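Counting from 116, one number per residue, gives the positions in the sequence shown under my numbering. Built from N, CA and C at the ideal position, the CB exists for glycine as well. It should be emphasised that the depicted structure is a prediction, and the values quoted were computed from it without experimental measurement.
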Amino acid sequence: MCGAIELKRYWKIILTIVITTVVINIIGISKGFCTWYADNVYPILNVIVGSLTSWCPFAIGEIIMYIGALMIIVLLASLVLFVFLFRKNFYRRYMATYSKTCLMVIVLFLFSYTINWFIPFRASVLKVSDNTRTTYSLDEVLEVRNMLVNNLNQAALLAPRDEEGHLVYDYTEKDIADLMRSRSDDYKRLRWFYPNMKPALCSDFLHWMRIGGYNYIYTMEPTFNIYCDELYMPILKSHELSHNKGYYLENEAEFLSSVILAESDNAIFKYSAYIEMYSYINEAYTSDLYDSLVEAGCEPGRPAKEAMKEILADSPMLSPLVYADIAYAREQANKRYEENVDKEKEASFQGVSGEIADKGWEMQGEVLGENTYSGITLMLLQYYVEE
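Below, the structure written as structure tokens:
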């Protein structure tokens with residue numbers, strides 16, 4: 116009798132969570148609701164969940180991910196054994212209990228992803244200025260590119276250095292969080308509590324998959340790949356914190372991390388941000404310039420590239436110091452990787468991790484469309500080009 120009551124209670128809980136999840140997803144069809152939710156409800160959940168998990172020095176969500184993977188393996192193995200043990204009472208009891216546990220985990224997982232990710236993910240794209248143009252002339256792109264080059268060269272000169280001339284990274288993660296919180300009047304979701312950034316235990320896999328950081332949605336924990344170079348770290352950490360605060364589109368997080376750091380008083384933050392922005396704008400300009408030269412009759416390949424050099428000869432270029440700083444930072448990151456990576460694991464998993472990543476990046480591009488990383492280019496032009 117007691118068992119029947121418990122079973123009935125179990126299915127009531129499952130049904131309640133499923134119905135709630137479905138209803139929220141149906142309401143989530145409305146972009147207006149998703150935007151309101153991301154601005155007003157999600158930040159409260161972020162404070163509650165983030166406060167509960169931030170104390171731990173490692174990502175609880177990452178451990179849960181490993182446990183979940185193990186549960187799936189055990190479930191698959193148990194289903195295989197069904198052929199041989201289905202007549203055994205102990206096995207049937209075990210399967211009933213374990214299957215219910217797995218079902219509850221799946222249902223809770225989908226519910227948490229709905230309220231912590233799916234709804235804010237579908238909110239309206241961040242509006243960066245009153246300038247809503249979507250096309251810009253080559254001259255306008257060049258103007259922004261030149262501005263970034265000048266600012267980048269200046270940041271390199273102002274950045275703190277040691278006696279050997281190498282950069283000194285004089286900041287803490289709290290500095291990044293405080294800076295982002297200070298911009299909450301402009302970007303509403305950046306207010307309130309910020310969780311601690313945590314090093315990813317699976318940094319080697321992230322490295323092989325070309326992933327700099329990851330947010331565990333169900334525990335609201337932002338993590339970072341320890342093998343990323345130090346000059347990129349400020350952008351990476353502010354990017355992941357932007358996701359954590361509800362700006363889940365990649366172009367949004369790229370824009371916020373870049374502009375907020377660039378407009379700070381910290382020279383390292385400026386340096387990191389201008390490198391990031393320059394990479395997108397310079398790529399957009401040179402790509403468009405090349406295409407325009409070919410369309411104008413210039414022979415593709417080397418002739419077009421030589422013509423590009425002539426056009427850019429009168430424009431400011433990155434200083435040798437910038438190139439040296441970037442090269443040294445990457446060299447140190449590669450050295451750190453070589454000193455710490457498990458070579459046997461690398462030999463076994465690097466190839467397959469890269470293949471999985473290729474598919475994953477391709478799928479992300481299809482899902483996000485214009486809101487992927489490179490979407491920051493349009494946002495920067497809208498932000499910096501005056502009407």
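Inter-residue Cα distance where the pair is residue i and residue j
i: residue 456; j: residue 326; result: 16 Å
i: residue 349; j: residue 320; result: 21 Å
i: residue 447; j: residue 435; result: 18 Å
i: residue 469; j: residue 461; result: 11 Å
i: residue 195; j: residue 173; result: 35 Å
i: residue 495; j: residue 397; result: 12 Å
i: residue 500; j: residue 241; result: 17 Å
i: residue 291; j: residue 353; result: 7 Å
i: residue 281; j: residue 440; result: 7 Å
i: residue 378; j: residue 255; result: 21 Å
i: residue 386; j: residue 181; result: 37 Å
i: residue 116; j: residue 171; result: Reliability of the predicted coordinates at residue 116 is poor, the pLDDT of 49 falling under 50, and the value obtained from them is presented with this limitation in mind. Their backbone Cα atoms lie some 42 Å apart in a straight line.
i: residue 322; j: residue 444; result: 16 Å
i: residue 298; j: residue 154; result: 14 Å
i: residue 245; j: residue 239; result: 15 Å
i: residue 211; j: residue 178; result: 25 Å
i: residue 214; j: residue 220; result: 10 Å
i: residue 260; j: residue 253; result: 10 Å
i: residue 328; j: residue 122; result: 41 Å
i: residue 310; j: residue 408; result: 49 Å
i: residue 315; j: residue 330; result: 10 Å
i: residue 222; j: residue 206; result: 24 Å
i: residue 472; j: residue 203; result: 43 Å
i: residue 367; j: residue 483; result: 11 Å
i: residue 231; j: residue 269; result: 40 Å
i: residue 175; j: residue 166; result: 13 Å
i: residue 146; j: residue 160; result: 19 Å
i: residue 218; j: residue 248; result: 48 Å
Endpoints, alpha helix (DSSP H) assigned at residue i
i: residue 365; result: 365-377
i: residue 331; result: No alpha helix (DSSP H) contains residue 331, which is instead part of the beta strand (DSSP E) from 328-331.
i: residue 149; result: 146-155
i: residue 197; result: 175-200
i: residue 294; result: 288-296
i: residue 382; result: 382-410
i: residue 353; result: 348-359
i: residue 323; result: 318-323
Boundaries of the beta strand (DSSP E) in which residue i is found, first to last residue
i: residue 339; result: 336-339
From the options, residue whose alpha carbon lies closest to that of residue i
i: residue 126; options: 194, 216 and 208; result: 216
i: residue 266; options: 432, 493, 494 and 445; result: 432
i: residue 424; options: 482, 404, 185 and 390; result: 404
i: residue 383; options: 353, 493, 421 and 285; result: 285
i: residue 168; options: 332, 466 and 368; result: 332
i: residue 358; options: 191, 305, 466 and 342; result: 305
i: residue 301; options: 243, 252, 270 and 287; result: 243
i: residue 497; options: 250, 152 and 209; result: 250
i: residue 233; options: 464, 150 and 344; result: 150
Pair within 7 Å by beta-carbon distance, residue i and residue j
i: residue 132; j: residue 226; result: yes
i: residue 351; j: residue 339; result: yes
i: residue 336; j: residue 360; result: no
i: residue 257; j: residue 400; result: yes
i: residue 363; j: residue 235; result: yes
i: residue 162; j: residue 308; result: yes
i: residue 229; j: residue 139; result: yes
i: residue 389; j: residue 263; result: yes
i: residue 395; j: residue 491; result: yes
i: residue 347; j: residue 452; result: no
i: residue 391; j: residue 402; result: no
i: residue 503; j: residue 295; result: As shown, the chain starts at 116 and ends at 502. That puts residue 503 outside it, with no answer to give.
i: residue 487; j: residue 365; result: yes
Entirely enclosed alpha helix (DSSP H) segments - the stretch 427-497, minimum 4 residues: Segments of the alpha helix (DSSP H) lying fully in the stretch 427-497: 435-455 and 458-483.
Any alpha helix (DSSP H) of 4 or more consecutive residues that is wholly inside the stretch 220-286: Within the stretch 220-286, the complete alpha helix (DSSP H) runs of at least 4 residues are 253-273.
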